[in-house]
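Asker: Have a look at this one.
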DNA sequence: AGAAAATAAGACTGTTTTAGTCCTATTATA
DNA sequence: TATAATAGGACTAAAACAGTCTTATTTTCT
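Chains as they are written, first to last, in the numbering used here: chain A, 598 to 742; chain B, 598 to 742.
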């Protein structure tokens, strides 16, 4: 019911971690997993998916691991999430141009498609760089001067 | 993975239906269910939840049914969705101020909380009234004149 | 050359969530 | 008073999810 999968969550954690260690050596899956108390094999799975989409670059062999293949400011939350969970669709009928499952003459398909667009653009506008600069609530507070 | 439950979907369908039949008699759960090819008992469940939150008003007895208890312009998609699925939280840790499940020193909690806020405001800004006026894509097209 | 440490990927299992049904009670109307 | 509706709890089946295990491959370091 409208929740990110843990995998996607882990993906964001991993990418943020890599963003913060950009200059360092490549980070291995188990290294990242350990730092956040996550299963190492599962984290490996997640990173593999990110590598598939070229969000991270994998390096085999000992002292291998993963590194970001783009600038953190060029990676959106949407990219990471959809790399892992597949396309972000708030309902299954949003894309199916014929049938919503089977029967219903769905009256909310079009409005929900619009809502879906909005959510996509929210997720697309959030970059990993933004997620790495912590407080970031100045927009409103700054006006108080 | 970020999908509306079918129940929530059905809820939106039902509320929109009630909005379009505002002047008529009360609509029964089975009447609505039949129109969209949805299980009647399931639709009844959904409407019960909407009644709990006073989004619709229930009328017992034969020729009973449900009616909106507010203007369609005063009902947001968020209200309907959260009435049925519970609070909209993109991760389970967004509200937990202590522990994300158990272990992880979650580095994305705060950024995700902000994303969650944005999504809430998207859903909150969409009203049933808007979902009932169909095309509504003039904002950009109008500029072409 | 060979051991070690890493990624790659598929199959598999247990748990949780979701969808949907069934049954019984209650309420109001005709 | 029969009927048609809501109310609500218990229950089942199916799907999604989280996580594990195993095997193969690649690279580095000694």
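Positions of the beta carbon are idealized from the N, C-alpha and C atoms, including for glycine.
Since the structure is predicted, the reported quantities are computational estimates derived from the model, not experimental observations.
State the Cα-Cα distance for the pair residue 716 (chain B) and residue 658 (chain B), rounded to the nearest angstrom.
Answerer: Straight-line spacing of the CA atoms in residue 716 (chain B) and residue 658 (chain B) works out to 39 Å.
Asker: Please confirm whether residue 644 (chain A) has its beta-carbon closer than 7 Å to some beta-carbon of chain B.
Answerer: With its beta carbon at least 7 Å from every one in chain B, residue 644 (chain A) lies outside the interface.
Asker: Do residue 674 (chain B) and residue 666 (chain B) count as a contact pair if the criterion is CB distance below 7 Å?
Answerer: Contact: no.
Asker: In whole angstroms, what separates the C-alpha of residue 680 (chain B) from that of residue 605 (chain A)?
Answerer: 26 Å
Asker: Pairing CB atoms from the region 637-648 of chain B with CB atoms from the region 704-712 of chain B, are three or more of them under 8 Å?
Answerer: Look at the beta carbons and you see the region 637-648 of chain B not touching the region 704-712 of chain B: under three pairs across the two are nearer than 8 Å.
Asker: Please state whether DSSP places residue 653 (chain B) in a helix, a strand or coil.
Answerer: In this structure, residue 653 (chain B) counts as strand in the three-state DSSP scheme.
Asker: Compute the distance between the beta-carbons of residue 669 (chain B) and residue 725 (chain B), then report whether it is under 7 Å.
Answerer: Residue 725 (chain B) sits close to residue 669 (chain B), with the two beta carbons spaced by under 7 Å.
Asker: Residues of chain A with a CB under 7 Å from the CB of residue 688 (chain B): which are they?
Answerer: Listed along chain A are 600, 601, 606, each with a C-beta nearer than 7 Å to that of residue 688 (chain B).
Asker: Of the residues A:619, A:612, A:710, which one's Cα is nearest the Cα of residue 633 (chain A)?
Answerer: A:612
Asker: Using the rule of at least 16 other Cβ atoms within 10 Å of the residue's Cβ for burial, across every protein chain shown, is residue 676 (chain B) buried or exposed?
Answerer: buried
Asker: Measuring only the C-alpha atoms, how far is residue 656 (chain A) from residue 619 (chain A)?
Answerer: 15 Å
Asker: Mind checking if residue 708 (chain B) is an interface residue toward chain A, Cβ cutoff 7 Å exclusive?
Answerer: yes
Asker: Counting C-beta neighbours from all protein chains within 10 Å, is the total for residue 608 (chain B) 16 or more, i.e. buried, or is it exposed?
Answerer: It is buried - the Cβ of residue 608 (chain B) has at least 16 other Cβ atoms within 10 Å.
Asker: Starting from the C-beta of residue 688 (chain A), find all residues in its chain whose C-beta is less than 6 Å away, skip the five residues before and the five after it, and write them out in chain order.
Answerer: 709
Asker: Which same chain residues end up closer than 6 Å to residue 651 (chain A) when comparing Cβ atoms and leaving out the 5 residues on each side of it in sequence?
Answerer: Cβ neighbours of residue 651 (chain A) beyond the five flanking positions: 666.
Asker: DSSP puts residue 665 (chain B) in a beta bridge; with which residues?
Answerer: B:653
Asker: Within 10 Å of its beta-carbon, does residue 683 (chain A) have 16 or more other beta-carbons around it, so buried, or fewer, so exposed?
Answerer: Classification of residue 683 (chain A): exposed, given that the 10 Å Cβ count is below 16.
Asker: Using the rule of at least 16 other Cβ atoms within 10 Å of the residue's Cβ for burial, across every protein chain shown, is residue 614 (chain B) buried or exposed?
Answerer: The residue is buried, with at least 16 neighbouring Cβ atoms inside 10 Å.
Asker: If we define contact as Cβ-Cβ less than 7 Å, is residue 728 (chain A) a contact residue for chain B?
Answerer: yes
Asker: Taking DSSP as the reference, what is the three-state secondary structure of residue 614 (chain B)?
Answerer: helix
Asker: Measuring only between beta-carbons, confirm whether residue 715 (chain A) sits less than 7 Å from chain B.
Answerer: yes
Asker: In this structure, does DSSP put residue 688 (chain B) in helix, strand or coil?
Answerer: coil
Asker: Is the Cβ-Cβ distance between residue 662 (chain B) and residue 637 (chain B) less than 7 Å?
Answerer: no
Asker: By DSSP, does residue 660 (chain B) sit in helix, in strand, or in coil?
Answerer: Coil.
Asker: List, in order along the chain, the chain B residues whose C-beta lies closer than 7 Å to that of residue 683 (chain A)?
Answerer: The contacting residues are 598.
Asker: Leaving out the 5 sequence neighbours to the left and right, which residues in its chain are closer than 8 Å to residue 723 (chain A) when beta-carbon positions are compared?
Answerer: 673, 674, 675
Asker: Do residue 729 (chain A) and residue 616 (chain A) come within 7 Å of each other at the CB atom, strictly closer than that value?
Answerer: yes
Asker: In whole angstroms, what is the alpha-carbon distance linking residue 626 (chain B) and residue 642 (chain A)?
Answerer: Roughly 45 Å separates the two Cα atoms.
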